[in-house]
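Heads up: the sequence shown runs through residues 1 to 259, numbered per my numbering. Virtual Cβ for every residue (Gly too), placed ideally from N, Cα, C. The structure presented is a predicted model; accordingly, all values stated were derived computationally and were not measured.
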Amino acid sequence: MAQPQAPSGFWDEIRKIPPVTRFLCSSTLAVSLPVMLQLVSPYSVIFVKPLVINRLQLWRVLTSFFLGSSGINFIFDFAMLYRNSDALESSHFGGRSADYAWQLLLAAGGILALNIPLGTFVHTRPLLLALTYLGSALAPPGAQTSFFGLLTLPVQYLPYILVGMDLVMGGPGAAAQSISGIVVGHAWWWIVFGGGAGASGRNLGNAPGWLKRLLGQRDGVASRLAGTTGGVHVVPPRARQVVEETTGHTWGAGRRLGE
């Protein structure tokens, strides 16, 4: 008698998530949850320039991009990170996860450079805004999104609304950090997708060979979605509600420790 086929397990579902998005989300959980549970001090994972340079605590550069806010805001921010990254990697970067990872590294470097003068300890929010801006810029013309199910607006306005919310809830320091993410997101779009830098910009967005080998990307081979030209396709508001447009994060308000 034939045995019934076992349903797909949890890890099978996890493996269906594109690799770079899976890394972003798992890293966010790995850094944020121990801090939330008070198993790890937040001071040990935030970006402190003297400790990075003088004591070579280089892990702080990485972990500062994955320390999320606390409480219900973490759930909303995590959902927005997953949905934005998954939409980008699955559609516009279909079959090109290595290129996506490489461009993320360059974007993170730009965010770090812009935020050092601001004294920013956590770079999670700027990275989220950069992904949101890029997804909005690549969305089809006329695409709309629902804001908490109450207001329908063009998706291109979403990054600026998030900046406004950061200004109201976190002050000018939080808004400045979010603006740095928008600046990087716009540069990302303009250089790689907007044609502003020409062929050199497209070449800059191509991952080096070692990264392509690491992620199994082969030149000339793409998935069935790789040719999608519209970028992030937004489902009409009645079909889904975007619940991730929220802020109120605790970290990254541009204040120095001890103030």
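Using 8 Å as the threshold, is the segment 123-139 in touch with the segment 174-181, meaning 3 or more CB pairs across them?
yes
Just tell me which of Ala-207, Leu-138, Ile-191 has its CA closest to the CA of Leu-200.
At residue 200 the sequence reads Ser, which differs from the Leu that was named. For the residues Ala-207, Leu-138, Ile-191, the minimum Cα distance to Ser-200 belongs to Ile-191.
Just curious, the alpha helix (DSSP H) that Leu-323 is in, first and last residue?
The structure shown does not extend to residue 323, since the chain is modelled only from 1 through 259, so no value can be given for it.
Delimiting residues of the alpha helix (DSSP H) encompassing Thr-132:
Thr-132: member of the alpha helix (DSSP H) spanning 124-138, first to last residue.
What is the C-beta distance between Gln-177 and Thr-120, in whole angstroms, given that I count them as a contact (C-beta under 8 Å)?
6 Å
With 16 other Cβ atoms within 10 Å as the buried cut-off, status of Asn-203
exposed
Count the CB pairs spanning the segment 90-101 and the segment 55-69 that are closer than 8 Å, and state whether there are at least three.
In the pairwise beta carbon analysis, the segment 90-101 is classified as not touching the segment 55-69: fewer than three pairs are separated by under 8 Å.
How about Phe-65 and Ala-108: do their beta carbons lie closer than 8 Å?
yes
Using C-beta distances below 7 Å, list every residue in its chain close to Pro-19, excluding the 5 sequence neighbours before and after it, in chain order.
Ser-97, Leu-215
Given 7 Å as the limit, tell me if Phe-66 has its C-beta closer than that to any heavy atom belonging to the ligand ADP.
Annotation note on the ligand ADP: not contained in the displayed structure, which lists no ligands.
Quick check for students: name the residue ranges of the alpha helix (DSSP H) that lie wholly in the segment 53-123, counting only runs of 4 or more.
59-63, 72-87, 97-115
Please classify Leu-158: is it buried, with 16 or more other beta-carbons within 10 angstroms of its beta-carbon, or exposed?
So Leu-158 ends up on the buried side.
Classify Gln-177 as helix, strand or coil using the three-state DSSP reduction.
helix
Can you find the residues in the same chain that come closer than 8 Å, C-beta to C-beta, to Gly-142, ignoring five residues on each side of it along the sequence?
Pro-154
Using DSSP bridges, identify the partner residues of Gln-144.
Pro-154
Would you say the segment 71-82 touches the segment 28-39, given that touching needs at least three Cβ pairs under 8 Å?
yes
Nearest-angstrom Cα distance between Gly-205 and Asp-99?
6 Å
C-alpha gap between Val-168 and Pro-140, whole angstroms
Spanning the two alpha carbons is a distance of roughly 30 Å.
Between which residues of its own chain and Tyr-160 is the CB-CB distance below 8 Å, once the five residues before and five after are set aside?
Once the five neighbours on either side are set aside, the close Cβ partners of Tyr-160 are Ile-182.
Quick one: residues in its chain with C-beta nearer than 6 Å to the C-beta of Leu-112, no 5 flanking neighbours on either side, listed in chain order?
Cβ contact annotation for Leu-112 (same chain, cutoff 6 Å, sequence separation greater than five): none.
Which of helix, strand or coil does DSSP assign to Leu-37?
coil
Among the residues of its own chain, which have a CB less than 7 Å from the CB of Asn-115, if the five just before and after it don't count?
His-123, Pro-126, Gln-177, Ser-180.
8 Å contact criterion, which Leu-24 and Ser-85 should meet: CB distance rounded
5 Å
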